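K.L.:
Shown below is the structure under consideration.
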Amino acid sequence: MATVTIPLLALHAGYDAAAVGFLTATSAVSQLGGRLGLPWLLGRFPDRTLIGLASLMMAVGFGLLLVSTSVPVFVVAQLCQGTARAIFWTGSQTHAVRSGGRPVDRLVDLNVAGNAGTLIGPVLAGSLAVIGLPVAVAAAALGAAAATIGTPLLQRLPPYDRARSAGTIGLLRRDGVDVACWASVVGGGWWSMIGSYVPVILVGAGMGPQLIGWLVTASEGAGTAALLLLRRMPVDRIRRTVRTGALVAAAMFVAIAIAPGNALLYALLLVVGGAASGAITTLAPAMVSLASGEHEQGDALALSGTFRAGALLACPAAVGALLSALTLSFAVALVGSALGLSGVLVGRPAAGLRRGRTEA
Numbered sequence: 094m095a096t097v098t099i100p101l102l103a104l105h106a107g108y109d110a111a112a113v114g115f116l117t118a119t120s121a122v123s124q125l126g127g128r129l130g131l132p133w134l135l136g137r138f139p140d141r142t143l144i145g146l147a148s149l150m151m152a153v154g155f156g157l158l159l160v161s162t163s164v165p166v167f168v169v170a171q172l173c174q175g176t177a178r179a180i181f182w183t184g185s186q187t188h189a190v191r192s193g194g195r196p197v198d199r200l201v202d203l204n205v206a207g208n209a210g211t212l213i214g215p216v217l218a219g220s221l222a223v224i225g226l227p228v229a230v231a232a233a234a235l236g237a238a239a240a241t242i243g244t245p246l247l248q249r250l251p252p253y254d255r256a257r258s259a260g261t262i263g264l265l266r267r268d269g270v271d272v273a274c275w276a277s278v279v280g281g282g283w284w285s286m287i288g289s290y291v292p293v294i295l296v297g298a299g300m301g302p303q304l305i306g307w308l309v310t311a312s313e314g315a316g317t318a319a320l321l322l323l324r325r326m327p328v329d330r331i332r333r334t335v336r337t338g339a340l341v342a343a344a345m346f347v348a349i350a351i352a353p354g355n356a357l358l359y360a361l362l363l364v365v366g367g368a369a370s371g372a373i374t375t376l377a378p379a380m381v382s383l384a385s386g387e388h389e390q391g392d393a394l395a396l397s398g399t400f401r402a403g404a405l406l407a408c409p410a411a412v413g414a415l416l417s418a419l420t421l422s423f424a425v426a427l428v429g430s431a432l433g434l435s436g437v438l439v440g441r442p443a444a445g446l447r448r449g450r451t452e453a
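By the numbering used here, the letter at position 78 of the sequence shown is numbered 171, and the numbering carries on one by one without gaps.
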């Protein structure tokens, strides 16, 4: 719901496109900070506790926007949202991976469950925004509060023993991790644009909030379909799929920016990009998880998430900076091109994906 509601709320409050990008980047700053602190947190607290804390912070962030949309309040709300997303998502990933079975299967299951919310959320937000944006924000706050109440029902798992982990530098040296981290950057960049400048582009093309909600939902639906198709993917195909998905997502980035204002064309581009983004959102963390041992998975998933969070910060900030010299379309296209071309520098062919453990 935040994907649609927060940019529209900012526009309604009188903020321009550059300010929307700044507010999105503010959330990304706190998300990056949260990701950097996650290895320490996962080594000291059960992931169930962290998930509950993150859900509560989400509710607080939405609640603040019901009180005021002034710059200080909006910034604090975005800081709460960013920190909450970092802790919630990585905590959920570690909880899922530790539940048993193949990491790929468990991460697909987690993403499909999460996509049930991202499918409903944009449409619900867009529909409620027709009644009034505060109604949509209040509904999002209630959803986060419900998640907070539900976290005690999760299985209690002990914190990781970080003394048995190779650490961030050791993980970065392992084969395939560079590709996974680059793909996480592309995935984070895609999501940052969907939650900031893509709605602005669609508004500029004459789309209403309800239609924007449906277009974002179509993109998320494509991501869910891609996840279901990839659930039983053999390990030796993950690397190629991650690379291809990242390149396709970056290409759709550029295409959405320069496309003429046609709803059907936007729908097609968002569906293709959503499918690619859905694939890399799951398979990139799976790659780093497969490259790690039992007590390294918290560090590995936090590493992948840190690169994603970095893109959530850098991409909107880069577009915002370019707006002083370029139009919004050209600025978004330039950033999307940079994301795709950066993949040429990583992931030289290797004999296979080395893993810290032998089972798939």
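Glycine included, every Cβ here is placed at the ideal spot set by N, Cα and C. Quick caveat, the model's predicted, so the values are computed rather than measured.
(1) Is the region 401 to 413 touching the region 278 to 291 in the sense that three or more CB pairs, one from each, lie closer than 8 Å?
(2) How is the alpha helix (DSSP H) around A424 delimited, first residue to last?
(3) Could you compute how far the alpha carbon of V205 sits from the alpha carbon of T317?
(4) Please report the straight-line C-alpha distance between G354 and A118, rounded to a whole angstrom.
(5) DSSP three-state call for R325: helix, strand or coil?
(6) With DSSP collapsed to three states, give me the class of F138.
(7) In terms of residues, what are the limits of the alpha helix (DSSP H) holding S163?
(8) Under the assumption that T244 contacts S148 (Cβ atoms under 8 Å), give the Cβ distance between them as a whole number of angstroms.
(9) Between V97 and I305, which are expected to be in contact by the criterion C-beta below 8 Å, what is the C-beta distance as a whole number of angstroms?
(10) Going along the chain, which residues of its own chain have a beta-carbon closer than 7 Å to the beta-carbon of M129, five neighbours each way excluded?
(11) Any idea what DSSP makes of Y108, helix, strand or coil?
(12) Classify M300 as helix, strand or coil using the three-state DSSP reduction.
(13) Do you know how far the Cα of Q124 is from the Cα of S277?
(14) Can you have a look at V458 and say buried or exposed, based on whether 16 or more other CB atoms are within 10 angstroms of its CB?
(15) Can the beta-carbon of I373 be found less than 9 Å from the beta-carbon of G429?
(16) Considering only residues of the same chain and omitting the five flanking positions on each side of A350, which have a CB-CB separation below 6 Å?
(17) Tell me whether the beta-carbon of A395 lies closer than 9 Å to the beta-carbon of T183.
(18) Grab me the residues of A103's own chain with a C-beta within less than 8 Å of its C-beta, minus the 5 sequence neighbours each way, in chain order.
(19) Using 10 angstroms around the beta-carbon of G445, count the other beta-carbons present and answer buried if the total reaches 16, otherwise exposed.
(20) Roughly how many whole angstroms lie between the Cα atoms of S385 and A234?
(21) Keeping to the same chain, check which residues put their C-beta closer than 8 Å to that of V293; ignore five residues upstream and five downstream.
(22) Round the Cβ separation of V153 and C173 to the nearest angstrom and send it over; I've been treating them as touching at under 8 Å.
(23) Between the Cα of W457 and the Cα atoms of S397, A222, G413, which residue gives the shortest distance?
(24) Taking the alpha-carbon of V190 as reference, which of I180, V201, F181 has the nearest alpha-carbon?
(25) From I180, P251, P409, G127, pick the residue whose C-alpha is nearest to that of S52; which is it?
(26) Using C-beta distances below 6 Å, list every residue in its chain close to L415, excluding the 5 sequence neighbours before and after it, in chain order.
(27) So the candidates are V216, Q186, S417; which of them puts its Cα closest to the Cα of S312?
(28) Relative to the C-alpha of M151, which candidate in A431, L131, A177 has its C-alpha closest?
(29) Please work out which residues of its chain come closer than 8 Å, Cβ to Cβ, to S192, disregarding the five sequence neighbours upstream and downstream, and give them in chain order.
(30) Quick check on the DSSP output: the alpha helix (DSSP H) that includes L363 runs from which residue to which?
(31) Would L143 and L134 be called neighbours here (beta carbons separated by less than 9 Å)?
(32) What span of residues does the alpha helix (DSSP H) with L203 cover, start to end?
(33) Find the nearest neighbour of A344 within the set L363, E389, P327, judged by alpha-carbon distance.
(34) Report the rounded CA-to-CA distance for M94 versus A229, giving the unit in angstroms.
(35) Distance check for G371 and A379, CA to CA, integer angstroms please.
P.N.:
Let me lay it out:
(1) Yes, since at least three Cβ pairs between the region 278 to 291 and the region 401 to 413 fall closer than 8 Å, the two stretches touch.
(2) Taking the first residue of the sequence shown as 1, we reach residue 424 at position 331. 421 to 434 is the extent of the alpha helix (DSSP H) around A424.
(3) As a working note, residue 205 is residue 112 in the sequence shown. As a working note, residue 317 is residue 224 in the sequence shown. Across the structure, V205 and T317 are spaced so that their CA atoms are roughly 6 Å apart.
(4) In the sequence shown, counting from the first residue as 1, residue 354 sits at position 261. In the sequence shown, counting from the first residue as 1, residue 118 sits at position 25. Cα-Cα distance, rounded: 26 Å.
(5) Along the sequence shown, read from residue 1 onward, the residue named residue 325 stands at position 232. In the structure shown, R325 sits in coil (DSSP, three-state: anything other than H, G, I, E or B).
(6) Position 45 of the sequence shown, counting from 1, holds the residue named residue 138. F138 sits in coil when the DSSP states are folded into three classes, being neither helix nor strand.
(7) Numbered from its first residue, the sequence shown carries residue 163 at position 70. Under the DSSP assignment, S163 falls outside any alpha helix (DSSP H); it carries neither an H nor an E label.
(8) In the sequence shown, counting from the first residue as 1, residue 244 sits at position 151. In the sequence shown, counting from the first residue as 1, residue 148 sits at position 55. For a cut-off of 8 Å, the C-beta gap from T244 to S148 is around 6 Å, short enough to register as a contact.
(9) On the sequence shown, residue 97 is found 4 positions in, with the first residue counted as 1. On the sequence shown, residue 305 is found 212 positions in, with the first residue counted as 1. Contact annotation, V97 with I305: C-beta distance approximately 6 Å; criterion of less than 8 Å satisfied.
(10) Working through the sequence shown from its first residue, we reach residue 129 at position 36. In the sequence under discussion, the amino acid at residue 129 is Leu, which differs from the Met named in the question. So the list reads T399, once near-sequence residues are dropped.
(11) The count along the sequence shown starts at 1 and reaches residue 108 at position 15. In this structure, Y108 counts as coil in the three-state DSSP scheme.
(12) Translated into positions along the sequence shown, residue 300 becomes position 207. Coil, per DSSP.
(13) Reading the sequence shown from its first residue, position 184 is the one you call residue 277. Reading the sequence shown from its first residue, position 31 is the one you call residue 124. Near 14 Å, if we compare the C-alpha coordinates of Q124 and S277.
(14) Past the edges of the chain, shown from 94 to 453, lies residue 458, and the structure says nothing about it.
(15) What you label residue 373 is simply residue 280 of the sequence shown in a count that begins at 1. What you label residue 429 is simply residue 336 of the sequence shown in a count that begins at 1. No, these two residues do not count as a Cβ contact at 9 Å.
(16) The residue you call residue 350 lines up with position 257 of the sequence shown. Closer than 6 Å at the Cβ level, and outside the excluded window around A350, lie S422, V425, A426.
(17) In the sequence shown, residue 395 corresponds to position 302, counting from 1. In the sequence shown, residue 183 corresponds to position 90, counting from 1. Taking 9 Å as the cut-off, the beta carbon of A395 is found closer than this to the beta carbon of T183.
(18) Against the sequence shown, residue 103 aligns to sequence position 10. These residues qualify, in order along the chain: A112, V113, L116, T162, F167.
(19) Taking the first residue of the sequence shown as position 1, residue 445 is located at position 352. Summary for G445: the model assigns pLDDT 43, below 50, so the residue's position carries little reliability; its value from the coordinates is reported in the next sentence. Classification of G445: exposed, given that the 10 Å Cβ count is below 16.
(20) Position 292 of the sequence shown, counting from 1, holds the residue named residue 385. Position 141 of the sequence shown, counting from 1, holds the residue named residue 234. CA-to-CA, the gap between S385 and A234 works out to about 36 Å.
(21) In the sequence shown, residue 293 corresponds to position 200, counting from 1. Contacts found: P100, L104, A110, V113, L421.
(22) The residue you call residue 153 lines up with position 60 of the sequence shown. The residue you call residue 173 lines up with position 80 of the sequence shown. The beta-carbon separation of V153 and C173, rounded to 5 Å, stays under the 8 Å limit for a contact.
(23) No answer is possible for residue 457: it lies beyond the span of the chain, which begins at 94 and ends at 453.
(24) On the sequence shown, residue 190 is found 97 positions in, with the first residue counted as 1. Closest option to V190, Cα to Cα, is V201.
(25) It is not possible to answer for residue 52, since the shown part of the chain is limited to 94 through 453.
(26) For the purposes of this step, residue 415 is identified with residue 322 of the sequence shown, where counting begins at 1. Spatial neighbours of L415 in its own chain (CB-CB distance under 6 Å, excluding positions within 5 residues in sequence) are listed in chain order as A424.
(27) What you label residue 312 is simply residue 219 of the sequence shown in a count that begins at 1. Among V216, Q186, S417, the Cα nearest to that of S312 is on V216.
(28) Residue numbering aside, residue 151 sits at position 58 when the sequence shown is read from its first letter. The shortest Cα separation from M151 among A431, L131, A177 belongs to A177.
(29) Here residue 192 is taken as the residue at index 99 of the sequence shown, counted from 1. Answer for S192: R199, Q248, listed in chain order.
(30) Translated into the one-based positions of the sequence shown, residue 363 becomes position 270. Taken as a continuous stretch (DSSP letters only), the alpha helix (DSSP H) holding L363 covers 356 to 383.
(31) Counting from 1 along the sequence shown, the entry for residue 143 is found at position 50. Counting from 1 along the sequence shown, the entry for residue 134 is found at position 41. Annotated as proximal: L143 and L134, with beta-carbon spacing under 9 Å.
(32) Here the question's residue 203 lines up with position 110 in the sequence shown. Element bounds for L203: 196 to 224.
(33) Taking the sequence shown and counting its residues from 1, the one referred to as residue 344 is at position 251. Checking every option, the nearest Cα to that of A344 belongs to L363.
(34) By 1-based counting over the sequence shown, the position of residue 94 is 1. By 1-based counting over the sequence shown, the position of residue 229 is 136. Taking C-alpha positions only, M94 is separated from A229 by approximately 8 Å.
(35) Locating residue 379 in the sequence shown gives position 286, where the first residue counts as 1. Locating residue 371 in the sequence shown gives position 278, where the first residue counts as 1. So the two alpha carbons sit approximately 13 Å from each other.
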